[in-house]
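Note that the UniProt record's numbering gives residue 4 to position 4 of the sequence shown, counting from 1, and the numbers run on in steps of one. We treat Cβ as the ideally placed atom computed from N, Cα and C, and that holds for glycine. Note that the coordinates shown come from a computational prediction; the quantities given were computed from them, not determined experimentally. Reviewing the structure listed below.
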Amino acid sequence: MTFRHLDIKGLKSLMQEDPDLRIFDTRDPGSYAAGHITNAVTLNNDTMQQLLDATTIESNIVVCCYHGVSSQSVATWLAEQGFDNVYSLIGGYAAWSAQN
Numbered sequence: 001m002t003f004r005h006l007d008i009k010g011l012k013s014l015m016q017e018d019p020d021l022r023i024f025d026t027r028d029p030g031s032y033a034a035g036h037i038t039n040a041v042t043l044n045n046d047t048m049q050q051l052l053d054a055t056t057i058e059s060n061i062v063v064c065c066y067h068g069v070s071s072q073s074v075a076t077w078l079a080e081q082g083f084d085n086v087y088s089l090i091g092g093y094a095a096w097s098a099q100n
């Protein structure tokens, strides 16, 4: 299993097509509070188990970080756990906020 890269246009399409889309934001709480993608939830050591328990193997999952680098290791880990549709957001929240 592996993850795929997703650009902002692809994320917007998924957001329109999939009402159950899961967006996991791995940034620190202060950065998340200052702004985040609509419906994104914080993924950290405290929230991980609850979020994974509430996410099906078939769910579309987009992992977002600051610039699209650290999200790749989280996306790899999620894919290794058996999740089928895992994406890392290219450019991270910086790219999202620049285009929205």
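Taken through DSSP and simplified to helix, strand or coil, I8 comes out as helix. Taking the Cα of V41 as reference, the smallest distance to any Cα among A79, D25, M1 is reached at D25. The segment 47-60 and the segment 26-36 do not touch, with fewer than three beta-carbon pairs separated by less than 8 Å. Here N100 is exposed. Its C-beta has fewer than 16 other C-beta atoms within 10 Å.
V41 sits in a strand when the DSSP states are folded into three classes.
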